[in-house]
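S.K.: Here the working numbering is used: the sequence shown runs in plain steps of one and ends on residue 1781.
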Amino acid sequence: MNRRGELPAELTPFIGRRGEVASVRRMLQHSRLVTVTGIPGVGKTRVALRAAHSLRRAFTGGVHLVELSSLSDERRLEQVVAHALDVPDRSTRPAAEVLAEYLADRELLLVLDTCEHLVDACSQMAQTLLAAAPGLRVLATSRQVLGAPGEHSLVVHPMAVPVTPEPVTPAPVPVTPAPIAPVPVTSAPVTSAPVTSAPVTPAPADPAAPESVAPVSVTALGECDSVRLFLDRVRAVDPGFTLTGDNAPAVAELCRRLDGIPLAIELAAVRARALPVSRILQLIRERPGNGSGAIATADARHQTMWAAIAWSHDLCTAEERTLWARLSVFSGGFDLVAANAVCADETLPAGRVFPALDGLVEKSIVVCVKQGHRTHYRMLDSIREYGKAQWHGPAEALSLATRHRDHYLAEAEAASRTPPGGDQVAEWSRVRDDWPNLRAALEFCAARPGEAPVGLRLASALWFLWVACGMTRDGRHHLETLLAFGEGNPAERSRALLRLAYLAAGQGDFTAAKAALAECGGLGVREERVHMLKVQGTVSFSRGDIETADKCLSEAVRGPGGESLPPTVRLTAMVELGLTYVWAGRIDAAASVLEECRAVCLAQGEAWSRSWADIGLALVARAKGDAAAAVQHARGALRVGHELQDAVGTALSMELLAWIAADEEVPERAARLLSAAHQRWSSVGRFLFGSPHFLAEHQRHEERLGRLLTPAAYADAVSAGRALPTDEIVAYALGPSDSPALTPGPSLWAPLSPREREVAELVADGLTNRQIAQRLVVARRTVDTHVEHILAKLGFSGRAQVAAWAANRRGDERRRGAL
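(1) Assuming Glu1617 and Ala1639 make a contact with CB atoms under 8 Å, what is their CB distance in whole Å?
(2) If you run the structure through DSSP and keep just helix, strand and coil, what is Val1291?
(3) State the DSSP-derived secondary structure class of Asp1608, mapped to helix, strand or coil.
(4) Determine the extent of the alpha helix (DSSP H) in which Ala1046 is found, giving its start and end residues.
(5) Starting from the N-terminal side, write out each stretch of the alpha helix (DSSP H) that is 4 residues or longer and does not extend beyond the stretch 985–1048.
(6) Report the three-state DSSP secondary structure of Ser1104 (helix, strand or coil).
(7) Please report the distance separating the alpha-carbon of Gly978 from that of Arg1737.
(8) Among residues of its own chain, excluding the 5 on either side of Met1494, which ones have a beta-carbon nearer than 7 Å to its beta-carbon?
(9) Within 10 Å of its beta-carbon, does Pro1311 have 16 or more other beta-carbons around it, so buried, or fewer, so exposed?
(10) Please report the distance separating the alpha-carbon of Ala1300 from that of Glu1324.
(11) Who pairs with Lys1755 in a beta bridge, going by DSSP?
(12) Should Arg1263 go down as buried or exposed, given a rule of 16 or more other Cβ atoms within 10 Å for buried?
(13) Could you tell me which whole alpha helix (DSSP H) segments of length 4 or greater appear in the stretch 1304–1390?
(14) Can you tell me where the beta strand (DSSP E) with Leu1114 in it begins and where it stops?
(15) Please report the distance separating the alpha-carbon of Ala1782 from that of Gly1603.
(16) Residues in its own chain within less than 6 Å of Ala1013 by CB, not counting five upstream and five downstream?
(17) Please report the straight-line C-alpha distance between Val1107 and Asp1200, rounded to a whole angstrom.
(18) Are at least three pairs of beta-carbons, each pair with one atom in the stretch 1281–1296 and one in the stretch 1327–1344, less than 8 Å apart?
(19) Judging by CA-CA distance, which residue of Ala971, Asp1035, Leu1030 and Val1009 is the nearest neighbour of Glu1405?
(20) Beta-carbon within less than 8 Å of Ser1637's beta-carbon, same chain only, minus the 5 sequence neighbours each way: which residues are those?
(21) In or out: Ala1088 buried (at least 16 other Cβ within 10 Å) or exposed?
(22) Applying the 10 Å Cβ sphere with the 16-neighbour rule, what's the burial state of Leu1101?
(23) Under 8 Å Cβ to Cβ from Leu1039, same chain only, skipping five residues before and after it: list those, please.
(24) Hey, how far is the Cα of Val1610 from the Cα of Gln1641?
(25) In the DSSP assignment, find the alpha helix (DSSP H) that holds Val1680 and state where it starts and stops.
(26) Of all the options Ser1378, Trp1643, Thr1337 and Ala1318, which has the alpha carbon lying nearest to the alpha carbon of Trp1570?
(27) Just how far apart, CA to CA, sit Leu1527 and Arg1488?
(28) Can you check which of these residues, Glu1538, Ala1565, Phe1292 and Arg1597, is closest to Ala1553 by C-alpha distance?
(29) Once DSSP output is grouped into helix, strand and coil, what is the label at Asp1075?
(30) Could you give the DSSP three-state label for Ala1099: helix, strand or coil?
(31) Kindly list the residues whose CB is nearer than 7 Å to the CB of Ala1226, restricted to its own chain and excluding five residues on each side of it in sequence; keep chain order.
(32) Sorted by chain position, which residues of the same chain lie with C-beta nearer than 6 Å to Ile1691's C-beta, five sequence neighbours on each side aside?
(33) Exposed or buried, what is Thr1309 when buried is set at 16 or more other beta-carbons lying within 10 Å of its beta-carbon?
(34) Extract the residue ranges of the alpha helix (DSSP H) inside the stretch 1381–1468, only unbroken runs of 4 or more that lie entirely within it.
(35) In its own chain, which residues sit with a C-beta less than 8 Å from the C-beta of Arg1068, not counting the 5 before and 5 after it?
(36) In whole angstroms, what is the alpha-carbon distance linking Glu1659 and Leu1071?
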């Protein structure tokens, strides 16, 4: 599964814009909120991402990208940001509060891309998060500023274009007047007519030739940014292209006519695959105004950009134009299967979709991105916006949205039926990657009268995404929204209510869980009786009512009708029954049901349920004194939970590994893992499910570690566990029991904080405070304060001592890594 928030790789070389990138870096040094603005197609995102990429080392918490173009509901903004940051959240608290708490002690750069349709929401969120997290900085891209206090903004202008040369004025040709014949003089009065000159009609100009201009310096022209961009993109499709005295005037004129707008230049350059530059220029000259279907705008440069897109549209084949419009229904990316399912019909047969898509990729209308074994496609926002403008009224918009919804419903229902031997992790990783499109489909069902029942089917089919992939809050939101319409047959509503009850119980909202169960019972759907009994057992287990949980879950698993439960539901019932037996002290019974569950999971390809069976078996093995087996099961659960982004499973697996390390008297490792697990529980929601059994065990180990370690050593281990990013702490937990932390531990760098350690290393590199401030993108006075704290903590009087101390720590670190 792709980690959210990673900066995307640049697919084409970054040309020019050094000044803009440097300005963004400088602004982030003085302001914690910077917005990059500009017209569509001018390169706002490229500038922001290039600046963000150059600042990765300055932020210990990383640089994270949040793409907002596909988000239409501003109420979900904080949740989308949480996804990008991999913040697990099963709680019922406001999403902004959870996000603020997560960011509070992190030094992190958040890049919010495409904010113009969510300006007020982005502004408010930025203010809330910046107030809560002193180490946070926000870099936004938008067609307009956010209007937040303290915001700095940079306008990205079109690229520089060649200067228009003076027209070559021909030398005047001397004219010898013809002799005038004498006019006879008469006595009659003479009436003189006004003197006029006949209009001169110039010869028609050759449209293929550049306008008459002075000679162009090829060397000077090649240094102009817009020309450099054009040449780079032309050479991508025609490697032998060179700038010469013959084609230089046409290249210069083309860049001028496109106003130096990068998107317009790139769309023109790709045509060089088949046309000479002079012909491309001729076609641009011949295309008037915005053209049919363009976006209305009064800004001249907006018009240039839309005209360039319209020109590219004109040069597409009929099939390519049809596909372009239809692909605009997708939110985010899509793959070939989705394109075929949504876009093919009698006018564009399925066999013609790929050739048309390939043509759009060649023309830079669609971007092809390959990640691992999967190829997917995406469109830039301006390209998608133009494509939507080509729809033939509301009827086509509705038809496309319906087909889009139906495709993702089929995908979700197929994923929920993982075949025996299937790869559940890979399947649901793909589904999660399609979340922008799934969200759009759910929102379509909620916005369109009569579509709520289909929306309930989709929300119910995505149950695994809600419960196993860290998206509980989203699942509950969509289920509650769609159920509120009161539509759907009893079976559909009953199924959705049971999903809702399960999610609410996982959040600790037992009132909502009971209400959903009561409504489900009132529908009287006999086929869901066993499923309802199972969810009642889940609620009882979550509340610590072991007796009722045992009764309900045993009947659901072993009683009549248990085999009729959906496979994943029955397996979770077995896991919960096994855990119930563990806390009741029935270890052998727990081992029996959990081992049976694990065997079924292996046969059916059920990775997630197997990971939870492993959690139960780790508890069983620990109760029997088999530490090796307990570690093996807990690590197996951790691998799957982390890959699926199951925050609860990951936190609980880490918690168990901490308990086992404490049992084995490896206190520093135990304290690190316990601290890391505790931090992850804080963003998940209820700590250890609120289970009195889990809580008592956690408390016992905390007290024991406090006795085994000195106060300083315990504090250092706790601090190290909290500081490690999730990927690193998981790698540490999966490593040998005596392995050191993946980042230098407090034993080497104590008593410095992570930021103070970074400053100390830069001091050792010979940087001044001013240079350190520039490197870390902080104010000079902040670095001054860090250096003062370092000197005070280490008892030193000068920078040379700090440099020597840091150099020694680096040496110790290298020696440790060589062991």
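The C-beta atom is built at its ideal place from N, Cα and C for all residues, glycine as well. Note that this is a predicted model, so its numbers are computed, not measured.
M.R.: Reading it off the structure:
(1) Between Ala1639 and Glu1617 the Cβ distance is about 4 Å, and since that is below 8 Å, they are a contact.
(2) It is coil, neither helix nor strand.
(3) Coil at Asp1608, not helix or strand.
(4) Leu1039 to Ala1046 is the extent of the alpha helix (DSSP H) around Ala1046.
(5) The alpha helix (DSSP H) runs lying completely inside the stretch 985–1048 and spanning 4 residues or more are 1006–1016 and 1039–1046, given in chain order.
(6) Of the three classes helix, strand and coil, the one that applies to Ser1104 here is strand, per DSSP.
(7) Near 22 Å, if we compare the C-alpha coordinates of Arg1737 and Gly978.
(8) Same-chain partners within the cutoff: Leu1460, Leu1479, Cys1482 and Gly1483.
(9) The residue is exposed, with fewer than 16 neighbouring Cβ atoms inside 10 Å.
(10) Taking the straight line joining both Cα atoms gives about 20 Å.
(11) Lys1755 pairs with nothing; no bridge assigned.
(12) Burial call: buried.
(13) 1312–1324, 1343–1350 and 1355–1377, all fully within the stretch 1304–1390.
(14) Note that residue 1114 corresponds to His in the displayed sequence, not to Leu. For His1114, the uninterrupted beta strand (DSSP E) segment begins and ends at His1114 to Val1117.
(15) The structure shown does not extend to residue 1782, since the chain is modelled only from 963 through 1781, so no value can be given for it.
(16) Result list for Ala1013: Val983, Val986 and Arg987, in chain order.
(17) The alpha-carbon atoms of Val1107 and Asp1200 are separated by roughly 39 Å.
(18) Judged by Cβ distances under 8 Å, the stretch 1281–1296 makes contact with the stretch 1327–1344, as three or more pairs qualify.
(19) Per the Cα distances, Asp1035.
(20) Within its own chain, the residues whose Cβ lies closer than 8 Å to the Cβ of Ser1637, once the five positions on either side in sequence are excluded, are Ala1679, Val1680, Ser1681, Ala1682, Gly1683 and Arg1684, listed in chain order.
(21) Counting Cβ neighbours within 10 Å, Ala1088 comes out buried, since at least 16 surround it.
(22) Counting of Cβ neighbours within 10 angstroms places Leu1101 among the buried residues, the total reaching 16 or more.
(23) Closer than 8 Å at Cβ, skipping near neighbours: Leu1030, Leu1033, Leu1080, Ala1083, Cys1084 and Met1087.
(24) Val1610 and Gln1641 have their C-alpha atoms some 12 Å from each other.
(25) First-last of the alpha helix (DSSP H) with Val1680: Pro1673 to Ala1685.
(26) Per the Cα distances, Ser1378.
(27) Using only the alpha carbons, I get a separation of about 12 Å.
(28) Of Glu1538, Ala1565, Phe1292 and Arg1597, the residue nearest in Cα terms is Glu1538.
(29) Correct three-state label for Asp1075: strand.
(30) It is Arg, not Ala, that sits at residue 1099 in the sequence shown. Strand at Arg1099.
(31) Result list for Ala1226: Gly1003, Leu1220, Thr1266, Met1267 and Ala1270, in chain order.
(32) Taken in chain order, the residues that qualify are Ala1638.
(33) Exposed: under 16 other Cβ atoms inside 10 Å.
(34) Within the stretch 1381–1468, the complete alpha helix (DSSP H) segments at least 4 residues long are 1386–1395, 1397–1409, 1414–1423, 1425–1430, 1434–1445 and 1452–1468, listed from N- to C-terminus.
(35) Around Arg1068: Thr1022, Gly1023, Ala1095, Gly1097 and Leu1098.
(36) Between Glu1659 and Leu1071, the C-alpha separation is close to 37 Å.
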